[in-house]
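> Structure incoming, see below.
Chains as they are written, first to last, in the UniProt record's numbering: chain Y, 1 to 139; chain S, 1 to 139.
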């Protein structure tokens with residue numbers, strides 16, 4: 001039986017970030033020929049036409065997962081983020097809802113970061129498994 | 001002149017979280033009689049009627065800042081968060097925008113957490129200064 005403390009510690013943001021780093025390290029050590037992932041469609045993009053060049057393949061996912069890991073490792077928030085405009089628009093949507101309640105905003109982002117990191121860890125493990133399938137090894 | 005690395009390290013999420021913890025510790029060590037903050041209106045709530053009991057005073061802010069620090073220190077995301085419903089509604093708003101792009105969602109929450117922690121650190125320092133004014137000491 002798990003203690004209440006052990007259950008809580010599973011929710012630690014630091015632990016979730018560490019698990020993600022480990023999953024990406026495992027992915028990098030397994031995927032020795034990332035180019036084999038090129039043109040393999042990602043399951044996540046079901047409504048994406050495989051012939052469409054803008055449609056991300058597994059190789060794009062591989063690069064994205066590594067880029068996120070680099071940001072996590074350095075814990076840096078780049079001020080010239082290329083997606084800053086998108087964020088600005090989102091923040092605009094949130095403003096009237098949360099501007100007067102910084103505690104709610106804090107909990108919202110902490111919870112959101114926790115959730116997206118858990119999701120990205122699963123994606124990393126899934127991608128590693130797919131590579132094993134491609135090269136014909138049982139994972 | 002600052003090096004590029006030094007500039008970047010200022011943006012570290014870990015550093016921002018640590019600065020917040022230090023600001024709250026300073027606040028706790030300074031504010032020996034928190035009850036003096038009761039019924040002192042908060043500048044943040046300009047459109048709030050001071051006679052209204054639901055209107056937060058500086059004492060409420062003091063408790064909120066400490067609660068956030070406890071969450072930061074433990075880095076825990078409570079699953080029975082009393083504001084979970086509010087978050088669910090917000091996530092619903094974000095879903096169509098970000099569901100297909102976990103990297104954007106990750107950067108959005110990382111940037112958001114960084115921004116709200118910087119804001120809360122300023123609020124903590126401001127509250128400590130107001131307490132000094134109340135007891136008649138120069139901060």
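Even for Gly, the Cβ is constructed at its ideal location relative to N, Cα and C.
1. Quick one: residues in its chain with C-beta nearer than 7 Å to the C-beta of residue 103/S, no 5 flanking neighbours on either side, listed in chain order?
2. What residues in the region 101-123 of chain S have a beta carbon less than 9 Å from any beta carbon of chain Y?
3. Taking all protein chains shown into account, decide if residue 80/Y is buried (16 or more other Cβ within 10 angstroms of its Cβ) or exposed.
4. Return yes when the C-beta of residue 108/Y is under 7 Å from any heavy atom of the ligand SAM, and no when it is not.
5. Could you run through the region 55-72 of chain Y and flag, in chain order, every residue whose CB is less than 9 Å away from some CB of chain S?
6. Which same chain residues, not among the five before or five after residue 68/S, have their C-beta less than 7 Å away from its C-beta?
7. Measure from the alpha carbon of residue 114/Y to the alpha carbon of each residue in 19/S, 105/S and 116/S, then state which is nearest.
8. What would DSSP say about residue 41/S, mapped onto helix, strand or coil?
9. For the alpha helix (DSSP H) holding residue 134/S, just list the boundary residues, first then last.
10. Quick check: the Cα distance between residue 133/S and residue 117/S, rounded to an integer number of angstroms?
11. Determine whether the beta carbon atoms of residue 130/S and residue 58/S lie at a separation below 8 Å.
12. With DSSP as the reference, identify every bridge partner of residue 57/Y, one or two as the case may be.
Per the coordinate set shown:
1. Position 103 of the second chain, counted from the first residue, corresponds to residue 103/S. Counting only Cβ-Cβ distances below 7 Å, and skipping sequence neighbours, we find nothing.
2. 101, 102, 103, 104, 105, 106, 107, 108, 109, 110, 111, 112, 113, 114, 115, 116, 117, 119, 120 and 123
3. Within the first chain, numbered from 1, the residue matching residue 80/Y stands at position 80. Annotation note: pLDDT 48 at residue 80/Y (below 50); position unreliable, no value reported.
4. No copy of the ligand SAM occurs in the structure displayed, which carries no ligand at all.
5. 64, 65, 67, 68, 71 and 72
6. Along the second chain, one-based indexing puts residue 68/S at 68. These residues qualify, in order along the chain: 120.
7. On the first chain, residue 114/Y is found 114 positions in, with the first residue counted as 1. The candidate whose alpha carbon is nearest that of residue 114/Y is 105/S.
8. As a working mapping, residue 41/S is identified with position 41 in the second chain. Of the three classes helix, strand and coil, the one that applies to residue 41/S here is strand, per DSSP.
9. As a working note, residue 134/S is residue 134 in the second chain. First-last of the alpha helix (DSSP H) with residue 134/S: 102-135.
10. Within the second chain, numbered from 1, the residue matching residue 133/S stands at position 133. Within the second chain, numbered from 1, the residue matching residue 117/S stands at position 117. Rounded to the nearest angstrom, the two C-alpha atoms are 24 Å apart.
11. For the purposes of this step, residue 130/S is identified with residue 130 of the second chain, where counting begins at 1. For the purposes of this step, residue 58/S is identified with residue 58 of the second chain, where counting begins at 1. Cβ atoms of residue 130/S and residue 58/S: closer than 8 Å.
12. Residue 57/Y sits at position 57 when you count from the first residue of the first chain. BP columns for residue 57/Y point to 41/Y.
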